[in-house]
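Protein chains in written order, with the numbering used here: chain A, 1218 to 1379; chain B, 456 to 587.
Built from N, CA and C at the ideal position, the CB exists for glycine as well.
In this text, all values refer to a predicted model and were calculated from it rather than measured experimentally.
Next comes the structure, spelled out in structure tokens:
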């Protein structure tokens, strides 16, 4: 299965905040072991949802300037409850700062009115070509796929561009 | 030679600081592993391994955190809450936890609240006194 932990972008205010959604499905392979009779989305994947949401905010804010966006640190992450298949997690991620190569955020996830996860975290953004100019094509390929995926996540309407 | 509770707490604090990347002053006796210290499934495995090494004890899978087995059994859980039988089973399997607050609303989503630093200290104390 593909490693995508956010299904839809509900709203995005460049430089400031993004809201996204992840639907939890019985079909997610890791649920078979986590746990066999009590499937719940693993905590690390709740954190991944926050990270992916923040990454989309960075990409849009910097107009897809960098192909690579990675986590540098996560602090005070708290797991308050579980999310089972058939439920939805709504993520809200607020930017504390977005600079050229680093950014920091506070984010939380809620499901059915209950806080599920929250935490502070930082990302770094770069292009592979920064270290190795021959990787510029790889950067371009990644950037193009990210632009396409972003359109899908925003349920892009050809008539009215967001 | 019996280790004092304070010494056990000190070493449990070190285990949790190393496993979870939190500061020592966050690891208070009442702190819950999941909500206060940010532990999740992978961390529990790490914590069990570190406790075994620190205290020279063997901890069987499901012994420290038996919640998964409990939740699987339909006689013990109904409508997302532990039944009376489930609560009794929990008391037997987790004597190191404080069930007073949990019994009022035995919602399985709140099982995580039982895993406090104190619960781990008591668990280690019990293990050490049994092995002499």
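Within a Cβ cutoff of 7 Å, which residues of the same chain sit near residue i, ignoring the five residues on either side of it in sequence?
i                       : result
residue 467 of chain B  : 572, 575, 576, 579
residue 1332 of chain A : 1297, 1325
residue 474 of chain B  : 498, 501, 502, 505
residue 531 of chain B  : 525, 537, 538, 540, 541, 544
residue 1313 of chain A : 1321, 1322, 1323
residue 1352 of chain A : 1345, 1346
Starting from the Cα of residue i, find the closest Cα among the options and give me that residue.
i                       : options                        : result
residue 1244 of chain A : A/1283, A/1301, A/1266         : A/1301
residue 1271 of chain A : A/1288, A/1262, A/1284         : A/1288
residue 515 of chain B  : B/488, B/463, B/499            : B/499
residue 563 of chain B  : B/586, B/528, B/582, B/585     : B/528
residue 560 of chain B  : B/462, B/542, B/547, B/550     : B/542
residue 485 of chain B  : B/584, B/476, B/568            : B/568
residue 1316 of chain A : A/1256, A/1232, A/1290         : A/1232
residue 1265 of chain A : A/1290, A/1361, A/1313         : A/1290
residue 1299 of chain A : A/1327, A/1269, A/1220         : A/1327
residue 1269 of chain A : A/1242, A/1255, A/1311, A/1248 : A/1311
residue 582 of chain B  : B/522, B/551, B/556            : B/551
residue 1334 of chain A : A/1292, A/1365, A/1360         : A/1292
residue 1304 of chain A : A/1258, A/1340, A/1262         : A/1258
residue 1338 of chain A : A/1319, A/1330, A/1348, A/1356 : A/1319
For residue i and residue j, which I take to be in contact (beta-carbon distance under 8 Å), what is that distance rounded to the nearest angstrom?
i                       : j                       : result
residue 1224 of chain A : residue 1236 of chain A : About 12 Å; that fails the 8 Å criterion.
residue 492 of chain B  : residue 481 of chain B  : 7 Å
residue 1336 of chain A : residue 1306 of chain A : About 14 Å; that fails the 8 Å criterion.
Counting only the same chain and skipping the five closest in sequence on each side, list residues whose C-beta sits under 6 Å from that of residue i.
i                       : result
residue 1376 of chain A : Residue confidence for residue 1376 of chain A is low, a pLDDT of 41 falling below 50, so the modelled location carries little weight and cannot support an answer.
residue 1379 of chain A : Bear in mind that a pLDDT of 48 at residue 1379 of chain A, under 50, signals an unreliable position, so the number given afterwards is only what the model happens to contain. Excluding residues within five positions, the ones whose Cβ falls inside 6 Å are 1371.
residue 510 of chain B  : 579
residue 1248 of chain A : 1256
With a threshold of 8 Å on Cβ separation, who are the neighbours of residue i within its own chain once the five nearest residues in sequence on each side are excluded?
i                      : result
residue 554 of chain B : 542, 545, 546, 569
residue 565 of chain B : 557
residue 457 of chain B : 583, 584
residue 512 of chain B : 506, 579, 582, 583, 586
Worksheet item: Does the pairing of the stretch 1278 to 1293 of chain A with the stretch 1333 to 1350 of chain A give three or more beta-carbon distances under 8 Å?
Response: yes
Worksheet item: Which full runs of the alpha helix (DSSP H) of 4+ residues lie inside the stretch 520 to 584 of chain B, going along the chain?
Response: 522 to 527, 539 to 548, 555 to 559
Worksheet item: Is there contact between the stretch 532 to 548 of chain B and the stretch 504 to 512 of chain B, where contact requires at least three CB pairs shorter than 8 Å?
Response: no
Worksheet item: Could you give the uninterrupted runs of the beta strand (DSSP E) lying entirely in the stretch 457 to 530 of chain B, keeping only those of 3 residues or more?
Response: none
Worksheet entry | beta strand (DSSP E) runs wholly inside the stretch 1231 to 1319 of chain A, at least 3 long, in chain order | Annotation: the stretch 1231 to 1319 of chain A contains the following complete segments of the beta strand (DSSP E) (minimum length 3 residues), in chain order: 1234 to 1240, 1285 to 1296, 1305 to 1315.
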